[in-house]
Amino acid sequence: MTQATIPFDEQEVFSEKAQIPELVSIESDKEVHGFAFNGLILKASGSLVIGGKNVAPEVLMKPNCICAISQSNKRYLASYKIHTDYVEPNQLLFRALGFSEQESKHLVYVKGMDMLPIYFMVTGYGTNHAMKQPQVTCHLKNGTPISYEEADMIMADWLYDSGYESEYSESFKEYESIEKARMEANVSRRADDYANRFCEEDEWSKLEAACMFDIATSYISSIASNCQAIYSLLCKKYGPAGIILANVKLEFGLDDMAEPTLCGEVATPDTALLVSGDLYDLYGTLDNMAEEPVMKFFDMVGYTGETDQKMPELPMEVLDELADTYIYLAEALCDDFAFELNM
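Note that the working numbering has the sequence shown beginning at -9, numbered continuously upward.
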């Protein structure tokens, strides 16, 4: 982790006085996160990963397109009162932080929040058919699918360990006996079972844990319901562009009011299965538009991904086709996207 002090004219960036902390950059293989102005700066990755393998270290225009698509989707969802981490782009802010105009096209600034330990997948299409009801599933950060019961417990553990206080915390102090406090809390049987894990704690701690579990189940249920609404709205946007949103990964965090908030990349080629509507109607297959040029090339050269095979280097024409695909998707899905060669 590296820290840097940022010189700038505060009045150029904000109309109101603000205390500006240092920028903290955290670098990883995929992206750079920078904390500043009580928010988070995200840098989109230019690499293309298929099946866990990095098949293209840098795809021209991909970061620009990813940022544009995700921001466009968040702005669209916010217009329907979906709570997101969207912040209106501010080029003055990026310049004040020392980024060039070209660099800022790879960046988005979002509200900072605590990311939940799980994410949600919404699947609306199978081979040759659209599901009557989109399916929402829960997953650990490493991709492992989990049940809703497991998600409830993981969420409750996370809330408890993170120091979130339940809505009952203050009211507990008003009662002289645990019996009266329990009657007021009215915890569920499942919450009682969960609290038994805290058997070595006192009864007040167990009651707090039980209440935290009920709050966790409420969060999971609410987020799953929101996932359905978010997916429907995104399909409504993608359909007229001739693009099928077959599935999408949705990540959430809790903001400073402990409200579940959609965050991360939203329905980009990196976090969703985007399928050509025309090809789906013809063949019923779910081929990822952003991967199709690579998969065609692999088929042509006989590369199947076996462990004893060396991955072939992608020729320039395939990389150009990939760039064209990302530009096409950005132009189709973003009203204000303007193609500009990123030199």
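The beta-carbon is built from N, C-alpha and C at its ideal position, and this holds for glycine as well.
Residue i in three-state terms, based on DSSP
i, result
"Ile56", "helix"
"Pro11", "Because Pro11 sits at a pLDDT of 43, beneath the cut-off of 50, its placement in the model cannot be relied upon, and the following sentence gives the value as read from the coordinates. Looking at Pro11 - three-state DSSP - the assignment turns out to be coil, as it is neither helix nor strand."
"Tyr109", "strand"
"Glu241", "strand"
"Gln123", "strand"
"Ser90", "coil"
"Thr297", "coil"
"Asn44", "strand"
"Gly267", "helix"
"Tyr115", "strand"
"Leu304", "coil"
"Ala236", "strand"
"Ile31", "strand"
"Ile136", "strand"
"Leu276", "coil"
"Asp246", "coil"
Span of the beta strand (DSSP E) around residue i
i, result
"Asn132", "Asn132 -> no beta strand (DSSP E), and no H or E assigned at all."
"Lys163", "Counting along the chain, Lys163 falls outside any beta strand (DSSP E), and DSSP gives it neither H nor E."
"Asn216", "Unbroken run through Asn216 is the alpha helix (DSSP H), Glu193 to Tyr228; no beta strand (DSSP E)."
"Phe188", "No beta strand (DSSP E) contains Phe188, which DSSP labels as neither H nor E."
"Phe100", "Here residue 100 turns out to be Val, not Phe, going by the sequence shown. Run containing Val100: Leu97 to Lys101, per the beta strand (DSSP E) assignment."
"Cys253", "Pro250 to Cys253"
Top-ranked residue by Cα proximity to residue i, from the options
i, options, result
"Tyr109", "Tyr138, Pro124 and Lys101", "Tyr138"
"Leu106", "Asp147, Val177, Gly116 and Ser159", "Asp147"
"Tyr209", "Thr113, Asp142 and Val177", "Asp142"
"Gln299", "Ile31, Lys43, Ala86 and Val39", "Lys43"
"Gly267", "Leu83, Lys131, Glu140 and Thr117", "Thr117"
"Tyr154", "Ala231, Phe84 and Asp245", "Asp245"
"Lys286", "Gly133, Glu311 and Glu296", "Glu311"
Expected contact under 8 Å - CB spacing of residue i and residue j to nearest Å
i, j, result
"Trp233", "Leu264", "A quick correction: the sequence has Ile, not Trp, at residue 233. Going by Cβ atoms, the distance from Ile233 to Leu264 rounds to 5 Å, so yes, they are a contact pair."
"Pro302", "Val291", "5 Å"
Cβ-based neighbour list, residue i, same chain, cut-off 6 Å, excluding 5 preceding and 5 following
i, result
"Val256", "Ser60, Asn63 and Lys64"
"Asp75", "Val100, Lys101, Thr251 and Cys253"
"Thr275", "none"
"Phe364", "The chain is shown from -9 up to 333; residue 364 falls before or after that span and cannot be answered."
"Tyr316", "Met51, Lys52 and Cys55"
"Thr258", "Ile56, Ile59 and Ser60"
7 Å Cβ shell around residue i - same chain, five flanking residues per side excluded
i, result
"Ile220", "Leu67, Ile72, Leu240 and Leu252"
"Gly29", "Val77, Tyr99, Val100, Lys101 and Gly102"
"Cys324", "Ala58, Ile59 and Ser62"
"His129", "Ile108, Tyr109, Met111, Pro135 and Ile136"
"Asp289", "none"
"Ala320", "Cys55, Ala58, Ile59 and Phe327"
"Ile40", "Glu281 and Val284"
Spatial neighbours of residue i in its chain, beta-carbon cut-off 8 Å, leaving aside the 5 residues before and after
i, result
"Ser212", "Pro250"
Boundaries of the alpha helix (DSSP H) in which residue i is found, first to last residue
i, result
"Pro283", "Glu282 to Val291"
"Thr261", "Looking at the DSSP string, Thr261 is not in any alpha helix (DSSP H), and its letter there is neither H nor E."
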